[in-house]
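A.B. asks: Let me begin by handing over the structure; questions about it come next.
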Amino acid sequence: MALKPCVRQLGGVAQVWRCVSRSIAHQTYRITAGNTCHDINDAQKAAGPTSARLPRLRHTIPESYEKVEVSTAEWSYVERLLPLKSIPKPTGNPGEVMPSGWVVPSAKPGDYPYFVPRSANHMLPVYLLHKPILSKHVTSVKHVQGDIFALSEELREHLTQLLPSRKIINMRVHEPHQMIQIKGQFVTELKEFLLKKGF
Amino acid sequence: MSLKLSYTPLCMGKLQMMIDTNRLRCDVPVDVTQLMATGLFSISPQQKEGGFMLENEGIDHFKATINIEVQWANEAVIASVERNGGFITTAYFDPLSLTAAIKPVEFFGRGIAIPRRMLPPQHLIDYYSDPKNRGYLADPAEVARERFLLAQKYGYELPDVNASPNKDILLERKDPRQIFFGLEPGWVVNLKDKVILKPTDPELKEHFAS
Numbered sequence: 001m002a003l004k005p006c007v008r009q010l011g012g013v014a015q016v017w018r019c020v021s022r023s024i025a026h027q028t029y030r031i032t033a034g035n036t037c038h039d040i041n042d043a044q045k046a047a048g049p050t051s052a053r054l055p056r057l058r059h060t061i062p063e064s065y066e067k068v069e070v071s072t073a074e075w076s077y078v079e080r081l082l083p084l085k086s087i088p089k090p091t092g093n094p095g096e097v098m099p100s101g102w103v104v105p106s107a108k109p110g111d112y113p114y115f116v117p118r119s120a121n122h123m124l125p126v127y128l129l130h131k132p133i134l135s136k137h138v139t140s141v142k143h144v145q146g147d148i149f150a151l152s153e154e155l156r157e158h159l160t161q162l163l164p165s166r167k168i169i170n171m172r173v174h175e176p177h178q179m180i181q182i183k184g185q186f187v188t189e190l191k192e193f194l195l196k197k198g199f
Numbered sequence: 001m002s003l004k005l006s007y008t009p010l011c012m013g014k015l016q017m018m019i020d021t022n023r024l025r026c027d028v029p030v031d032v033t034q035l036m037a038t039g040l041f042s043i044s045p046q047q048k049e050g051g052f053m054l055e056n057e058g059i060d061h062f063k064a065t066i067n068i069e070v071q072w073a074n075e076a077v078i079a080s081v082e083r084n085g086g087f088i089t090t091a092y093f094d095p096l097s098l099t100a101a102i103k104p105v106e107f108f109g110r111g112i113a114i115p116r117r118m119l120p121p122q123h124l125i126d127y128y129s130d131p132k133n134r135g136y137l138a139d140p141a142e143v144a145r146e147r148f149l150l151a152q153k154y155g156y157e158l159p160d161v162n163a164s165p166n167k168d169i170l171l172e173r174k175d176p177r178q179i180f181f182g183l184e185p186g187w188v189v190n191l192k193d194k195v196i197l198k199p200t201d202p203e204l205k206e207h208f209a210s
């Protein structure tokens, strides 16, 4: 706390000390500032009177600083600061639409030949890949479990009905990666379809 | 060198979604520590980031009743929180206090005393002592008056706090020198033995209380 001014003070005194050291060789100077005390005779022994080194500092912290009162009464305030080890599960009735527009999933594995679980953040696993240089957009549905081909056929049917002007829907079903890729931007359409199914 | 801090934007719609998906704890007052505990954000005080700033997007469908403390908020955001019976406070965190607040477990692991939160710098004093911004240095009576005036301006009725089941949570406030709720500066938290060590020396107490 009071270290910096103390060092400056000591530096000044050390300079004075070097000047007068020749005449008064055995006199002791004691400088005290705050909790820091220093004996210049020690510095002289360590570095010699003509050395340019600053005298070494010694700190003495009062023993009363170490005395503490141990308490557990406020531990509940500490517990609320500790972050959770895992992402908590949402509370809410299945199918409930929350104020933010987020829907609690209601479908269970077995309702359809396929199943699309939510991501770790409780969102639908529908993503858009955009490559600006190639002007390429690919929408993908990930983590599809079960009969992925049945879902792809239903998606194709849904998109054809939704966009009659579009003659071809380029779709790739990647069964090992549990992923369906569709050329174009269909994030909203696919999310609406999956929400209607209850995923 | 610019003294201006930058703040992490947080849209009200996203805040509502975090509450809906049970990502953010609402059984305790929401502050920078609770927002960081969701694991969805990163703040670096070394890069002169000052905390969270609430953004307007999604104010119309914000329905949660919360007691939130952020570093920056505008009038529309304040109205959207207070319309639902919530409370909002804007509070300044100096870089060292913010480092402790964003990662409390790492901070307690260092075994040092909780520091005092410093007062805002000169160019931010006006913002944080203004009751219109719900500043933490403003007079509570003035803040209550501004709450009423804002309700008149936006045309909603302020819900009664005393009737709310979460009255204790909603009315919990920090001291301007406090970083964490319920923990005073100068205390050392021992996570291993689950105890809190409080200094008894009057000189130390005076230093941390001032």
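Protein chains in written order, with the working numbering: chain Z, 1 to 199; chain Y, 1 to 210. All C-beta atoms in this analysis are idealised placements derived from N, C-alpha and C, irrespective of residue type, glycine included.
Counting only the same chain and skipping the five closest in sequence on each side, list residues whose C-beta sits under 6 angstroms from that of Leu158 (chain Y).
C.D. replies: Ala151
A.B. asks: Could you tell me which residues DSSP puts in a beta bridge with Asn190 (chain Y)?
C.D. replies: Y:Val195
A.B. asks: If you compare alpha carbons, which of Z:Asn121, Z:Val141, Z:Ser119, Z:Ala120 is closest to Leu276 (chain Z)?
C.D. replies: Shown here, chain Z extends from 1 to 199; a query on residue 276 (chain Z) therefore has no answer.
A.B. asks: Considering only C-alpha positions, which residue in the set Y:Asn67, Y:Ser2, Y:Phe93, Y:Leu40 is nearest to Leu170 (chain Y)?
C.D. replies: Y:Asn67
A.B. asks: When you compare only the Cα positions, how much space is there between Glu49 (chain Y) and Lys89 (chain Z)?
C.D. replies: 31 angstroms
A.B. asks: Tell me, which residues are paired with Leu67 (chain Y) by DSSP?
C.D. replies: One point to set straight first is that residue 67 (chain Y) is Asn, not Leu, in the sequence displayed. According to DSSP, Asn67 (chain Y) bridges with Y:Phe87.
A.B. asks: Closer than 9 angstroms, Cβ to any Cβ of chain Z: which residues of the stretch 163-177 of chain Y, in chain order?
C.D. replies: none
A.B. asks: Quick check: the Cα distance between Thr272 (chain Z) and Leu162 (chain Z), rounded to an integer number of angstroms?
C.D. replies: Coverage of chain Z is limited to positions 1 through 199, which leaves residue 272 (chain Z) absent and any answer about it impossible.
A.B. asks: Sort out for me which residues DSSP pairs Gln145 (chain Z) with in a bridge.
C.D. replies: Z:Phe115
A.B. asks: Who are the near neighbours of Lys205 (chain Y) in its chain, counting only those whose CB is closer than 8 angstroms to its CB and skipping five residues on each side?
C.D. replies: Annotation for Lys205 (chain Y): Gly186, Pro199 place their beta carbon closer than 8 angstroms to its own, counting only its chain and skipping 5 residues before and after.
A.B. asks: From this set, Z:Ile61, Z:Ser71, Z:Ile182, Z:His143, which residue's C-alpha is nearest Phe199 (chain Z)'s C-alpha?
C.D. replies: Z:His143
A.B. asks: What residues from chain Z crowd round Met17 (chain Y), counting only those whose CB sits closer than 7 angstroms?
C.D. replies: Ser100, Trp102
A.B. asks: Between Pro125 (chain Z) and Phe62 (chain Y), is the Cβ-Cβ spacing less than 9 angstroms?
C.D. replies: no
A.B. asks: If you count every other CB in all the chains shown that lies within 10 Å of the CB of Thr8 (chain Y), and 16 or more means buried, which is it?
C.D. replies: That one is buried.
A.B. asks: Please go through the stretch 63-89 of chain Z and give each complete alpha helix (DSSP H) segment of 4 or more residues, from N-terminal end onward.
C.D. replies: 75-79
A.B. asks: On the DSSP bridge assignment, give the partners of Glu154 (chain Z) in chain order.
C.D. replies: Answer is none; Glu154 (chain Z) lacks a bridge partner.
A.B. asks: Taking 9 angstroms as the CB-CB cut-off, is Ala33 (chain Z) touching chain Y?
C.D. replies: Bear in mind that a pLDDT of 41 at Ala33 (chain Z), under 50, signals an unreliable position, so the number given afterwards is only what the model happens to contain. With 9 angstroms as the cut-off, Ala33 (chain Z) does not count as an interface residue toward chain Y.
A.B. asks: Checking contacts by CB at 9 angstroms: is Leu81 (chain Z) closer than that to chain Y?
C.D. replies: yes
A.B. asks: For Glu55 (chain Y), does the three-state DSSP call read helix, strand or coil?
C.D. replies: Reduced to three states, the DSSP call for Glu55 (chain Y) is strand.
A.B. asks: Taking 9 angstroms as the CB-CB cut-off, is Asp20 (chain Y) touching chain Z?
C.D. replies: yes
A.B. asks: Suppose the cutoff is 6 angstroms on Cβ atoms and the five residues either side in sequence are ignored; what does the same chain contact list for Phe193 (chain Z) look like?
C.D. replies: His158
A.B. asks: Based on the DSSP secondary-structure assignment, which residues constitute the bridge partners of Arg172 (chain Z)?
C.D. replies: Z:Gln181
A.B. asks: What are the start and end residues of the alpha helix (DSSP H) that includes Pro140 (chain Y)?
C.D. replies: 140-154
A.B. asks: Considering Cα atoms alone, identify which of Z:Tyr65, Z:Leu57, Z:Thr60 is closest to Phe208 (chain Y).
C.D. replies: Z:Tyr65
A.B. asks: Taking Cβ to Cβ, would you say Met81 (chain Z) is nearer than 9 angstroms to Phe93 (chain Y)?
C.D. replies: The sequence as given places Leu at residue 81 (chain Z); Met does not occur at that position. Contact flag unset, no.
A.B. asks: Look at the alpha carbon of Leu197 (chain Y) and the alpha carbon of Asn84 (chain Y), and state the distance between them as a whole number of angstroms.
C.D. replies: 39 angstroms
A.B. asks: Report the neighbours of Val189 (chain Y) on chain Z: residues whose CB is nearer than 7 angstroms to its CB, in chain order.
C.D. replies: Val78
A.B. asks: Looking at the C-beta of Glu57 (chain Y), does it have a partner C-beta in chain Z at a distance below 9 angstroms?
C.D. replies: no
A.B. asks: Out of Z:Ile148, Z:Ala52, Z:Glu79, Z:Leu57, which one is the CA nearest neighbour of Lys194 (chain Y)?
C.D. replies: Z:Glu79
A.B. asks: Which residues in the same chain have their Cβ closer than 6 angstroms to the Cβ of Ile24 (chain Z), if we skip the five residues on either side of it in sequence?
C.D. replies: Any answer about Ile24 (chain Z) is weak, because its pLDDT of 39 lies below 50 and its placement is not dependable; what the coordinates show is given next. Closer than 6 angstroms at the Cβ level, and outside the excluded window around Ile24 (chain Z), lies no residue.
A.B. asks: For Trp102 (chain Z), count neighbouring Cβ atoms within 10 angstroms of its own Cβ and tell me buried if that reaches 16, exposed if not.
C.D. replies: buried
A.B. asks: Run through DSSP, which three-state label would Glu75 (chain Y) get?
C.D. replies: helix
A.B. asks: Only counting the same chain, and skipping five residues up and downstream in sequence, which positions put a Cβ closer than 8 angstroms to that of Gly146 (chain Z)?
C.D. replies: Pro109, Tyr112, Pro113, Tyr114, Phe115
A.B. asks: Count the other CB atoms, across all protein chains shown, that sit within 10 Å of the CB of Asp168 (chain Y); report buried if there are 16 or more and exposed otherwise.
C.D. replies: exposed
A.B. asks: Candidates Y:Val81, Y:Leu24, Y:Met53, Y:Asp175: which alpha carbon is nearest Tyr156 (chain Y)'s?
C.D. replies: Y:Val81
A.B. asks: For Pro9 (chain Y), report the span of its alpha helix (DSSP H) as first-last.
C.D. replies: Boundaries around Pro9 (chain Y) are those of the beta strand (DSSP E), 6-11, since no alpha helix (DSSP H) includes it.
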